[in-house]
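Comments concern the structure below.
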Amino acid sequence: VAGALAWFLLCVELIIPSASPTSAPFFAYQFSSLGNSMGQILYNSVRHPSRILGLAFSHDRYQYYSQLLVPVAGIALLAPATLLLAIPTVLVNVTDNQGYTHDVRYQYGAFVAAGIFLAVVEAAGGVRRQGLRRLMIGMVCAFALASNVAWSPSRLNNQLYHSGIWALTSDAQMGTLDKMVGMVPSGAGVSATFNVVPHLSHRDQIYTFPNPWIRSYYGTSATEPPENPSSVQYLVVVTTDISPSTQLELELLTKRGGPFRIVLEQNEAVLAKRVRRSA
């Protein structure tokens, strides 16, 4: 714990400020209930623990706790010392003002789940009676199955499975995007919308549109000059996934006489190729 805390303070007080003197740690705003800076957050966590407790025991957090513990029949609670491994991450998740950190559908519960399952193993391993141990494992299996039927988007819950979480069937836009991705030469610089970037990422130059023309979730400081956009030779943009200002930028880039020419526009997706060096 001491080593982890020392490393954390080294990062947020020395490494991050030295790399970005004008930028605070990007995650500080997520804990605005505790303060507006790292110093305030740490101070209030110690000086006013009731703020943490108030968040941890607020009504909307109970569903999070139940969906973590019910699938293992609560057996993890029988090994509290091991379960403590999960507590720091739980506290981070439930004090974060972004709701998805305390929602089991997202990755933020991964470390918590690891601690819970280690506690289940320790709890079962600490039981000497073979029959009781088998009963505990049977309960975990039964509760895991029941909770999947109730909550998961798997085939066990037909309603959630068909709710749109999974792309069960292809659509016209996906076919168009597959075609566009195939039309982009390997190695060519690309700026694409976020859901297309992973399919084009094996190259030296790739940006999430509207980068590098409009800085968005990029770089360590908003005052930095953007990189030279002339390295981008292709645009692959899903027009339904961009903001009005980004849409305007796309129109400026692809207008008559602009630096890009639209090669294919179909199913609310645009593929454009650079024809001029400017912009």
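Take the sequence shown: its position 235, counting from 1, is numbered 273 in my numbering, and each next residue is one higher.
Think of the CB as a built atom: it goes at the ideal place given N, C-alpha and C, for glycine as much as any other residue.
- The three-state secondary structure of residue 234, taken from DSSP, is coil.
- The segment 248–255 makes contact with the segment 284–291; the number of CB pairs closer than 8 Å reaches 3 or more.
- The DSSP-derived three-state label of residue 152 is helix.
- With a 10 Å radius around the Cβ and a threshold of 16 neighbouring Cβ atoms, residue 131 comes out buried.
- Between the C-alpha atoms of residue 230 and residue 316 there is a straight-line separation of about 19 Å.
- Within the same chain, Cβ atoms closer than 8 Å to the Cβ of residue 307 are found at 211, 214, 215, 218, 274, 275, 276 and 277, the five residues on either side in sequence being excluded.
- Residues 181 and 185 of the same chain have their beta carbon placed closer than 7 Å to that of residue 108, with the five preceding and five following residues left out of the count.
- Each residue's CA atom was taken as its position, placing residue 152 and residue 159 some 11 Å apart.
- A residue is called buried when at least 16 other Cβ atoms come within 10 angstroms of its Cβ; residue 106 meets this threshold and is buried.
- Apart from the 5 residues on each side of it in sequence, residue 305 sits with its Cβ closer than 7 Å to the Cβ of 210, 211 and 214 in its chain, given in chain order.
- Note that the segment 226–243 touches the segment 264–273; at least 3 beta-carbon pairs, one per stretch, sit closer than 8 Å.
- If you compare the alpha carbons of 312, 120, 89 and 98 with that of residue 223, the shortest gap goes to 312.
- Here DSSP, grouped into helix, strand and coil, assigns residue 207 to coil.
- In the three-state reduction of the DSSP assignment, residue 273 falls in the strand class.
- By the 16-neighbour rule on beta-carbons within 10 angstroms, residue 69 is buried.
- Assigned with DSSP and collapsed to three states, residue 311 falls in strand.
- Judged by DSSP in its simplified three-state form, residue 145 adopts helix.
- Distance from the CA of residue 72 to the CA of residue 87, rounded to the nearest whole angstrom, comes to 10 Å.
- Three or more beta-carbon pairs drawn from the segment 78–96 and the segment 117–135 are found closer than 8 Å, and the two stretches are therefore classed as touching.
- By the 16-neighbour rule on beta-carbons within 10 angstroms, residue 39 is exposed.
- Collapsing the DSSP output to three states places residue 172 in a helix.
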